[in-house]
Amino acid sequence: MTDSSLRLVWIYPDLLSTYGDQGNALVVERRAHQRRLNVSRVDVRSDQPVPTSGDIYLIGGGEDRPQRLAAERLRRDGGLNRAVANGAIVFSVCAGYQILGHEFVNDLGQREAGLGLLDVVSTRGEGERCVGDVLADIDPNLNLPPLTGFENHQGITHLGQSARPFARTRLGRGNGTGDGTEGAFNDTVFGTYMHGPVMARNPHIADLLLKLALDVNALPPVDDRWYDALRDERINAATQPA
Amino acid sequence: MAGNTEPLSSRARLAVTAGKAAAAVSRAAGRGSGSVIGGKVALRLDPDLLRRLAQHLDVILVSATNGKTTTTRLIAEALRAAGPVVSNALGANMPAGITSALAGGSDARFGVIEVDEKYLAGVARDTTPKAIALLNLSRDQLDRAAETRMLAEKWREGLAGTKAVVIANADDPLIVWAASSSPNVVWVAAGQEWKDDAWSCPSCGGVMQRPGDDWFCAQCGFRRPSPGWALRDDHVLDPHGSAWPIHLQLPGRANKANATTSAAVAATFGVPPGVALQRMYQVQAVAGRYDVVSFQGRDLRLLLAKNPAGWLETFSLIDPPPTPVILSVNARGADGTDTSWLWDVDYTRLAGHPICVLGDRRLDLAVRLEVAGLTFRVCETLDEAVQYAPPGRIEVIANYTAFQDLRRRVGN
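Each protein sequence line maps, in turn, to chains R and G.
Under the UniProt record's numbering, the residues of the first sequence are numbered 1 to 242, in order.
Under the UniProt record's numbering, the residues of the second sequence are numbered 1 to 412, in order.
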């Protein structure tokens with residue numbers, strides 16, 4: 001495994017890196033290095049072509065206008081769709097999650113086409129913005145501990161037949177549909193509303209992506225002391241009344 | 001002008017008096033300076049009070065994401081060369097705090113007012129300023145604030161056609177966009193280290209090109225204006241080409257930039273750069289920021305950094321390793337309750353410093369530093385962190401409420 005070389009692609013930091021989600025790239029990189037995996041990170045700006053040879057693609061959250069611009073440029077580029085057709089792993093957050101679906105509502109209040117990589121459709125909620133700490137149970141098939149994160153979105157995401165909910169909320173709004181679902185996934189494409197960033201709060205998700213990309217069932221353990229302490233604190237804070 | 005002395009109405013005078021009484025009660029109760037509660041009471045009694053108080057003053061507004069309290073102080077010092085100044089020096093920068101501050105300065109000629117970004121357009125409407133200084137805009141408290149570009153857009157709409165001279169940072173594309181609706185702009189090349197909120201053109205959304213210190217949008221032609229004033233190394237360059245050395249007691253590049261903007265503001269009121277800068281040198285600390293305090297026999301320098309752009313500027317002014325560093329972060333209401341922004345800060349800049357982390361959200365910092373590959377220690381209290389710190393002056397960097405906690409602990 002030590003001679004494996006992983007290509008990590010961070011999509012559009014100029015548009016979709018507003019809420020600290022580049023932390024996900026940092027955590028994946030760090031945990032790969034700790035396993036002595038050779039990982040190279042490529043940051044792709046929105047005036048550059050998306051490489052199709054990446055193993056793991058990460059997309060973050062952004063504000064409404066940059067989200068529309070990112071969707072336009074990703075559709076025109078086509079590289080991410082080709083990469084997924086080749087079996088690449090994609091993990092997306094918030095605005096990035098909505099872009100991976102069939103459509104979302106853009107800053108002009110119009111329906112904007114997404115990339116159709118996840119069977120979801122996003123609309124804009126009429127009620128209060130979803131802001132705050134979230135605690136959720138991740139799909140048992142993924143065999144991960146509870147999800148903790150911070151949500152900050154107006155969007156509501158409806159799942160179609162071929163998308164499974166990434167998690168079921170215990171606290172917080174998640175997809176905002178009122179059915180307790182949070183995020184969505186299929187074989188290789190994941191979406192969540194969680195910031196924090198989500199991998200700083202849930203490093204096992206970073207490990208899951210590494211395992212999927214390397215096609216292995218286990219990775220050598222690393223020192224998770226600080227992650228565990230942070231997780232305990234956030235889960236306690238979420239479950240105890242303020 | 002200050003000569004416009006329509007006397008305050010009896011209602012306005014009553015409102016000022018009631019506001020001062022409420023502030024005094026608040027102070028006596030040990031609940032802060034009372035400036036905000038005083039202003040609220042006064043505005044309740046006379047909603048038009050801010051406009052009326054401002055009528056008697058040459059008003060200068062200062063707004064930005066970072067540096068507005070310091071710059072307000074520097075401008076106030078500089079303008080004292082030309083006449084008495086009233087200012088909301090303690091950073092109470094919303095309408096109530098501003099009203100309260102102005103009510104305390106009936107003899108002043110100038111009102112130098114720091115304004116919260118969200119309130120700039122409204123306060124500009126109420127106070128008819130002579131000058132408005134716009135320093136920078138970047139991401140801050142995104143769990144409750146408007147989008148950064150939308151803020152620039154609101155400024156642009158609110159300041160359209162203003163009679164004020166707008167003194168604006170030519171190096172921040174969002175500031176240039178915000179100021180571009182104003183007919184009379186003095187551009188200052190004040191620099192902006194943080195670039196990550198202006199990679200897409202605020203006008204058309206095109207990708208911004210940034211060769212060297214320049215910037216432009218290749219798509220629509222929106223570009224950096226040619227500045228009249230500039231910060232170059234340790235000098236202010238004025239529009240006549242003269243270079244004025246800067247000898248501030250305040251540290252860092254960002255404060256030299258603040259001084260450059262302040263000199264440009266002072267010049268619009270006839271105060272020459274040499275005189276203005278000389279007066280700015282007296283400023284040692286601003287509302288506790290940059291103060292060096294003695295605590296447990298050690299020297300601590302207190303530095304406030306509230307958002308990624310602020311942390312970046314702060315890293316560039318601290319003493320080099322092995323100077324010990326203490327970091328403290330909270331996520332209470334005034335800080336923004338989402339700590340994700342810590343991941344937009346490049347903490348690898350602290351490599352080589354002994355580091356202690358503190359604050360309500362010290363575990364977020366711990367994970368952040370672990371992933372940055374740094375060695376650090378997690379402490380419960382400032383006392384513990386100071387005991388652990390190796391010899392030398394300690395740089396203490398904290399966000400908003402963490403900074404207030406530290407000031408209380410060290411008795412500053």
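C-beta atoms are modelled at their ideal positions from N, C-alpha and C, and glycine is treated no differently.
Fair warning: this is a prediction, and the values are worked out from it, not measured in the lab.
Per DSSP, residue i forms a beta bridge with which residues?
{"i": "Leu8 of chain R", "result": "R:Arg41 and R:Ile56"}
{"i": "His158 of chain R", "result": "R:Val121"}
{"i": "Trp187 of chain G", "result": "G:Ala168"}
{"i": "Cys130 of chain R", "result": "R:His153"}
{"i": "Thr148 of chain R", "result": "R:Leu135"}
{"i": "Leu223 of chain G", "result": "The sequence shown places Arg at residue 223 of chain G, rather than the Leu named in the question. Note: Arg223 of chain G sits in a beta bridge opposite G:Phe216."}
{"i": "Ile89 of chain R", "result": "R:Ile56"}
{"i": "Ser200 of chain G", "result": "G:Val207"}
What residue range does the alpha helix (DSSP H) around residue i cover?
{"i": "residue 414 of chain G", "result": "The question about residue 414 of chain G has no answer, for chain G in this structure spans 1 to 412."}
{"i": "Val410 of chain G", "result": "Tyr400 to Val410"}
{"i": "Leu74 of chain G", "result": "Lys68 to Leu79"}
{"i": "Arg368 of chain G", "result": "Arg362 to Val371"}
{"i": "Val275 of chain G", "result": "Pro273 to Met280"}
{"i": "Val85 of chain G", "result": "Not the alpha helix (DSSP H): Val85 of chain G falls in the beta strand (DSSP E), residues Val85 to Ser87."}
{"i": "Leu151 of chain G", "result": "Thr148 to Gly158"}
{"i": "Leu120 of chain G", "result": "Leu120 to Thr127"}
With a CB to CB cut of under 6 Å and the five nearest residues on each side skipped, what residues in its chain are close to residue i?
{"i": "Gly105 of chain G", "result": "Val86"}
{"i": "Thr2 of chain R", "result": "Here the model assigns Thr2 of chain R a pLDDT of 42, short of 50, so the residue's position is not dependable, and the following value carries that caveat. Hits under 6 Å: Arg36."}
{"i": "Phe403 of chain G", "result": "Leu304"}
{"i": "Leu174 of chain G", "result": "Leu137, Ala152, Ala198 and Pro202"}
{"i": "Tyr227 of chain R", "result": "Pro203"}
{"i": "Val112 of chain G", "result": "Ile60, Thr72, Ile75, Ala76, Val85 and Ser87"}
{"i": "Gly352 of chain G", "result": "Pro321"}
{"i": "Gly336 of chain G", "result": "Gln141 and Asp143"}
{"i": "Arg129 of chain R", "result": "Gln154"}
{"i": "Glu147 of chain G", "result": "none"}
Go to residue i, then tell me how far its beta strand (DSSP E) extends in each direction, as first and last residue.
{"i": "Gly96 of chain R", "result": "Where Gly96 of chain R is concerned, there is no enclosing beta strand (DSSP E), although the alpha helix (DSSP H) it sits in stretches over Ala95 to Leu100."}
{"i": "Gly111 of chain G", "result": "Phe110 to Glu114"}
{"i": "Ala70 of chain R", "result": "From DSSP, Ala70 of chain R is part of no beta strand (DSSP E) but of the alpha helix (DSSP H) over Asp64 to Asp77."}
{"i": "Leu358 of chain G", "result": "Ile355 to Leu358"}
{"i": "Arg111 of chain R", "result": "Arg111 to Ala113"}
{"i": "Asp103 of chain R", "result": "Note that residue 103 of chain R is Glu in the sequence shown, not Asp. Counting along the chain, the beta strand (DSSP E) containing Glu103 of chain R begins and ends at Glu103 to Val105."}
{"i": "Thr381 of chain G", "result": "First-last for Thr381 of chain G: undefined, no H or E at that position."}
{"i": "Leu134 of chain G", "result": "Ala131 to Leu134"}
DSSP state of residue i, grouped into three classes?
{"i": "Leu210 of chain R", "result": "helix"}
{"i": "Met194 of chain R", "result": "coil"}
{"i": "Ser10 of chain G", "result": "helix"}
{"i": "Leu374 of chain G", "result": "coil"}
{"i": "Met1 of chain R", "result": "Note that Met1 of chain R scores a pLDDT of 41, beneath 50, so its modelled location is shaky; the value from the coordinates is reported in the next line. Coil."}
{"i": "Ala179 of chain G", "result": "helix"}
{"i": "Gly20 of chain R", "result": "coil"}
{"i": "residue 417 of chain G", "result": "Outside the shown range of chain G (1 to 412) lies residue 417 of chain G, about which nothing can therefore be said."}
{"i": "Val59 of chain G", "result": "strand"}
{"i": "Arg173 of chain R", "result": "coil"}
{"i": "Thr181 of chain R", "result": "strand"}
{"i": "Ala389 of chain G", "result": "coil"}
{"i": "Ala167 of chain R", "result": "strand"}
{"i": "Gln34 of chain R", "result": "helix"}
{"i": "Val222 of chain R", "result": "coil"}
{"i": "Asn236 of chain R", "result": "helix"}
{"i": "Val189 of chain R", "result": "strand"}
{"i": "Val207 of chain G", "result": "strand"}
{"i": "Glu193 of chain G", "result": "coil"}
Within a Cβ cutoff of 7 Å, which residues of the same chain sit near residue i, ignoring the five residues on either side of it in sequence?
{"i": "residue 297 of chain R", "result": "Residue 297 of chain R is absent from the structure shown; chain R starts at 1 and stops at 242."}
{"i": "Gln282 of chain G", "result": "Glu77"}
{"i": "Arg156 of chain G", "result": "Trp177, Ala178, Ser180 and Ser181"}
{"i": "Ala257 of chain G", "result": "Ala190, Gly191 and Leu231"}
{"i": "Thr65 of chain G", "result": "Glu117, Asn136, Leu137, Ser138, Asp140, Asn307 and Ala309"}
{"i": "Ala32 of chain R", "result": "Leu6, Val39 and Leu210"}
For the ligand NAP, is there any heavy atom lying closer than 7 Å to the beta carbon of residue i?
{"i": "Ala285 of chain G", "result": "Ligands displayed in this structure: none; no statement on the ligand NAP is therefore possible."}
Report all residues from its chain with a CB closer than 8 Å to the CB of residue i; omit the five preceding and five following residues, and keep chain order.
{"i": "Leu208 of chain R", "result": "Leu142 and Leu144"}
{"i": "Ala366 of chain G", "result": "Val357, Phe376 and Val378"}
{"i": "Val36 of chain G", "result": "Ala92, Met94, Ala96, Gly97 and Ser100"}
{"i": "Val271 of chain G", "result": "Ala78, Leu79, Ala81 and Ala82"}
Exercise. Could you give the uninterrupted runs of the beta strand (DSSP E) lying entirely in the region 230-271 of chain G, keeping only those of 3 residues or more?
Worked result: 235-237 and 243-245
Exercise. What are the complete alpha helix (DSSP H) segments, minimum 4 residues, inside the region 283-350 of chain G?
Worked result: 308-315
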